[in-house]
Structure formats: structure tokens, C-alpha cells
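Written out below as C-alpha cells is the structure these notes cover.
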Amino acid sequence: LVTFIIGPVKTKVQIHKKIVCYYSPTLDAAFNGTFLEGSTQTYALESINESTFALFAEWIYSQKLENSPDKKLNATDLAALWVLADMFLIPRLQNLAIGLIDELSRTHITIDAIIYAYEHAAVDSSLRKIFV
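The sequence shown: position 66 = 62 (my numbering), numbered continuously.
Next up, the structure:
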């Protein structure tokens, strides 16, 4: 297992190393290389909130995200998930997040999601383009 330290509260979440390294070349290099994360088996994500990381963990284990009445996805968390997937070099997860944002855009896009996208994604990114 590897440990992720999430958000300003520094919540610790453990995920199986083999699976997270399989899906992310960034994390594979971090946990299996000579970086600090390789020796501590810990990765800090202070700018990511717990709900966004929960989506990441859900996808890592299932390769899908559930949007149901009991568990509604929101565009801000999905935008943050897209940024996290960009950082971890996981285009499949980015594509899923964009697709879900597109579905939500018909009814549930908030200004917070748009602001997050413009503050954290590259100018020519598909995340920014989805909100135009």
C-alpha cells in the first residue's frame, strides 16, 4: 500500500501500490524511483480535496464513476479530477471526467467549476474548452 496525504487537513488515504502505479506513469515513477515518495511511499496532495480524491480512488479500483441519486457528481469535483488526472498522466480518466462534465453541463454547471478550470488547467486544455 501507498499513502496519499489529502488536502490542508492532511487526511491519509491508502491505495494498493500496484494498481495506482499501473494506471499512472507519474505515480509509478514517484513510488518506484529515487524520489522522496519512493522512500516514504507517501504522496502529498495538499491542493486536492477529499471528495475529488475519493473519485480518483473509485476510478482507480473500478475504471468508472457512479452518478446516481444517492451519489451525485458535481462539475467542480470533476474539473479537479481532470486536473489530477492530467498531473498523473491518466488520459482515460480525463476523458471520463470531461464526458461527465459534458452531461452535467446541460443542467448542473456552477461558476465554481468554471473558475476552478480556468485557474488550474492550461489555456488550450479540453477542460477549459468544455466550459466555453
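From the three backbone atoms N, C-alpha and C, an ideal C-beta is built for every residue, glycine too.
All figures in this text were calculated on a predicted structure; none of them were measured in a lab.
Check	Outcome
What residue range does the beta strand (DSSP E) around Leu41 cover?	38 to 41
Below 8 angstroms, how does it come out for the stretch 101 to 119 and the stretch 57 to 76: are there three or more Cβ pairs, yes or no?	yes
Looking at the unbroken beta strand (DSSP E) that takes in Gln59, where does it start and where does it end?	Per DSSP, Gln59 belongs to no beta strand (DSSP E) and is neither H nor E.
Flag Tyr19 as yes when its Cβ comes closer than 8 angstroms to any non-hydrogen atom of the ligand FAD, and as no otherwise.	Summarising the ligand content, the structure contains no ligands, and the ligand FAD is consequently not present.
Buried or exposed for Gln90, please, with buried defined as at least 16 other CB atoms from any protein chain shown within 10 angstroms of its CB.	buried
Taking only three categories from DSSP, how would you classify Thr130?	Outside the displayed span of the chain (-3 to 128) sits residue 130, for which this structure offers no information.
Return the bridge partner residues of Val(-2) from the DSSP annotation.	Ile11
Measure the C-alpha to C-alpha separation of Leu69 and Glu62 and round it to an integer number of angstroms.	8 angstroms
Taking Leu85 as the reference, which of Val9, Pro4, Lys8, Ala26 has the closest Cα?	Ala26
With 16 other CB atoms within 10 Å as the buried threshold, where does Ala93 fall?	buried
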